[in-house]
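Oh and the sequence shown: position 230 is 634 in this note's numbering, straight run, nothing missing.
Think of the CB as a built atom: it goes at the ideal place given N, C-alpha and C, for glycine as much as any other residue.
See below for the structure under consideration.
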Amino acid sequence: MHRCWLIPEIVCMICEKVEQDSTLALLARTARVFQYALDLLWKEQHDLASLLSCMPPDLWEKEEHADQPAVFASLRRPVVASDLDRVFFYSHRVKVFTLHGSINVAAGALRKCLLGQILFPNITAVVWNDAQNFCDLPLYLGPNLKHLGLALTDSLVHLGLLSTLLLRFPVLKSIDITLPLSTTTTAGVSTAVCHMRAVNRLTTNTLTPAALLHVAALPALHVLNLMSVGDVTPELLPRTDSRFADLKHLSVGASTIEQCTALIDLCSVSPLQTLFVALDESERSPPSAWTTFTHALRAHCAHDALQSIFLYHGVSSMRQMQLQPTPTGAALVPLLAFTRLTSLVLEPPHGIDLDDGILADMARAWPCMEKLVLGVSGAAEPTPARHIPRLRALLPFALHCPKLQSFGAVLDASMPLGGDESASTQDLLAQITQTGGNRTLHRLLVGYSTITDADVPHVARFLSVVFPGLKAMVCARGYVREGAWARVGQEMSQILATRVSAGSVA
405 MHRCWLIPEI VCMICEKVEQ DSTLALLART ARVFQYALDL LWKEQHDLAS LLSCMPPDLW
465 EKEEHADQPA VFASLRRPVV ASDLDRVFFY SHRVKVFTLH GSINVAAGAL RKCLLGQILF
525 PNITAVVWND AQNFCDLPLY LGPNLKHLGL ALTDSLVHLG LLSTLLLRFP VLKSIDITLP
585 LSTTTTAGVS TAVCHMRAVN RLTTNTLTPA ALLHVAALPA LHVLNLMSVG DVTPELLPRT
645 DSRFADLKHL SVGASTIEQC TALIDLCSVS PLQTLFVALD ESERSPPSAW TTFTHALRAH
705 CAHDALQSIF LYHGVSSMRQ MQLQPTPTGA ALVPLLAFTR LTSLVLEPPH GIDLDDGILA
765 DMARAWPCME KLVLGVSGAA EPTPARHIPR LRALLPFALH CPKLQSFGAV LDASMPLGGD
825 ESASTQDLLA QITQTGGNRT LHRLLVGYST ITDADVPHVA RFLSVVFPGL KAMVCARGYV
885 REGAWARVGQ EMSQILATRV SAGSVA
């Protein structure tokens with residue numbers, strides 16, 4: 405045998421490149437140097453059938469079920485230590501246990517089999533989706549557990565056991581808790597969460613003020629996902645300078661933007677990198693509330709850290725949206741302080757009232773921007789009374805945002821660029837033409853952008869110069885001008901093809 409096979413790192417790299425379990429099993433049977441293949445085969449398990457089948461065949465009474473693993477129902481005889489030899493030979497290799505359906509073993513019989521030993525001593529992650537048998541979960545946990553994912557009911561037994569588990573494993577690093585949203589579950593989960601000490605990732609529903617204060621003080625918390633912000637306000641909690649001191653990713657659900665503002669106000673100066681907000685379809689906050697929200701972000705998030713902001717809303721009636729006042733571009737001015745933004749998707753339930761000026765400021769402030777979508781899905785079809793930016797508002801992005809791949813906004817393309825445009829606009833267009841245009845933008849979300857049939861050729865020529873790499877233009881669903889925008893894409897393709905042909909001839 406060549407000496408290279410005695411180097412564990414080489415063997416591990418070879419085994420990790422194998423994609424089929426059958427090949428890994430073949431390697432494991434070939435030579436002892438490939439024992440790492442066994443570790444990969446047993447690393448993640450979804451039931452106990454394979455493991456318990458390693459026991460003597462006369463030990464278990466099995467029940468056969470169609471299209472399901474055999475159920476180990478009861479013991480036929482007393483267990484002896486030798487019955488467990490092969491089980492522990494493999495079980496110590498299991499690092500992840502993910503349960504998709506009901507467990508296929510009688511818990512009481514399994515406890516007798518273990519003789520007080522831990523089934524998975526090296527387990528690091530358990531995802532338990534069987535609420536019916538939640539009380540059996542402790543059998544599958546081990547001292548090295550780092551991640552725990554739970555699907556529970558709102559029963560007092562489940563909530564009590566949750567508190568016991570978190571108290572038993574204070575070094576857990578990651579916890580995901582899925583359960584019905586109710587007053588009972590909020591109180592029970594909040595009590596359990598207060599036992600955590602070292603967690604750096606938490607997913608759950610609403611927390612009480614006391615639990616939220618405890619979570620905010622955790623020094624290693626990097627990720628927080630709250631299904632619902634609830635009614636927590638800064639006034640309910642004492643002021644400190646170390647709230648969410650290391651929080652990098654925040655995801656929340658809320659009924660109003662004011663609730664999100666209250667949560668952001670709880671932070672000190674957080675190194676937040678990603679913010680995801682899901683608003684209810686019933687959101688009816690006034691435009692001023694959006695300004696307060698963006699001011700809170702600027703005050704409580706490190707300006708050189710925040711890179712992505714995603715804000716979506718539930719599906720609502722378009723007629724209801726038209727009756728609601730919309731936030732304006734002025735509400736977005738505080739976000740210009742975050743110069744490292746790469747993604748900004750703001751979809752208030754009623755759209756955003758933008759203008760050319762604020763879009764130009766955004767282009768200059770965000771040179772790293774890759775995806776920018778502003779008030780497209782929530783916007784109603786433009787009315788004569790509503791001001792929307794002109795198509796020329798795209799020019800600063802072509803010049804100042806070399807990484808921009810996706811852009812979305814409601815624009816007015818009914819008056820394309822022409823000789824009556826200002827000298828500054830013509831100068832911008834000339835600079836872009838000299839550089840060959842911005843070729844990184846591939847997707848343009850136009851929503852309800854205004855366009856007439858007569859404008860199609862002009863818009864196609866304009867976009868072929870400014871964004872020659874554009875591949876798709878997406879309208880709002882059912883928009884009556886969708887056909888006009890489709891023709892823009894077709895004519896743009898013809899213009900670019902002709903340009904390429906002319907270049908080849910030259």
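Close-in-space but distant-in-sequence residues of the same chain around residue i (CB under 6 Å, 5 per side omitted)
i, result
"A693", "I661 and E662"
"V509", "L452 and F476"
Pair within 7 Å by beta-carbon distance, residue i and residue j
i, j, result
"P675", "A709", "yes"
"Q395", "T854", "No information on residue 395 is available, as it lies outside the stretch 405 to 910 that the chain covers here."
"R605", "V627", "yes"
"R768", "H717", "no"
"H562", "L556", "yes"
"L715", "L750", "yes"
"A666", "R647", "no"
"G733", "D759", "yes"
"L654", "L679", "yes"
"A596", "S567", "yes"
"S495", "L541", "no"
"V531", "G564", "no"
Inter-residue Cα distance where the pair is residue i and residue j
i, j, result
"K447", "L518", "20 Å"
"S586", "R847", "41 Å"
"P690", "T730", "8 Å"
"L736", "Y883", "27 Å"
"C879", "L748", "19 Å"
"R796", "L867", "10 Å"
"V904", "P861", "19 Å"
"K550", "L444", "19 Å"
"T696", "C705", "14 Å"
"A535", "C598", "22 Å"
"R490", "R497", "12 Å"
"L874", "T856", "20 Å"
"R481", "K516", "11 Å"
"W889", "D859", "10 Å"
"M722", "G782", "Only weak support is given to the placement of M722: the predicted model assigns it a pLDDT of 43, under 50, and the value that follows is read from those uncertain coordinates. Those two C-alpha atoms are separated by around 8 Å."
"Q894", "Y852", "19 Å"
"Q838", "L763", "22 Å"
"D831", "G840", "15 Å"
"A901", "S826", "30 Å"
"E687", "T698", "17 Å"
"S454", "F573", "27 Å"
"S578", "V593", "15 Å"
Status (buried if at least 16 other CB within 10 Å, exposed otherwise) for residue i
i, result
"Q449", "buried"
"A876", "exposed"
"G761", "exposed"
"V892", "buried"
"P752", "buried"
"R601", "exposed"
"A615", "buried"
"G919", "Given that the chain is displayed from residue 405 to residue 910, the structure contains no residue 919 and the question cannot be resolved."
"A511", "exposed"
"A802", "buried"
"G755", "buried"
"D757", "buried"
"A624", "exposed"
"R794", "buried"
"S486", "exposed"
"E774", "buried"
Under the three-state DSSP convention, the category residue i falls into
i, result
"Q894", "helix"
"M877", "strand"
"E448", "strand"
"V794", "In the sequence under discussion, the amino acid at residue 794 is Arg, which differs from the Val named in the question. DSSP places R794 in strand when its eight states are reduced to three."
"G657", "strand"
"Q465", "The amino acid at residue 465 is misidentified as Gln; the sequence shows Glu. The answer is strand: DSSP assigns E465 an E or B state."
"R924", "Nothing can be reported for residue 924: it is not among the residues displayed for the chain, which extend from 405 to 910."
"G851", "strand"
"N533", "coil"
"D489", "helix"
"V863", "helix"
"D831", "helix"
Close beta carbons around residue i, own chain, < 7 Å, minus the five adjacent residues each side
i, result
"A591", "T612"
"N533", "L503, H504 and A555"
"G546", "I522, F524, P525, N526 and I527"
Proximity test, Cβ basis, 7 Å: residue i and chain C
i, result
"D443", "Protein chains in the displayed structure number just one, and chain C is not present."
Cut-off 8 Å between Cβ atoms - residues of its own chain near residue i, not counting five sequence neighbours on either side
i, result
"Q677", "K652, H653, A709, L710, Q711 and S712"
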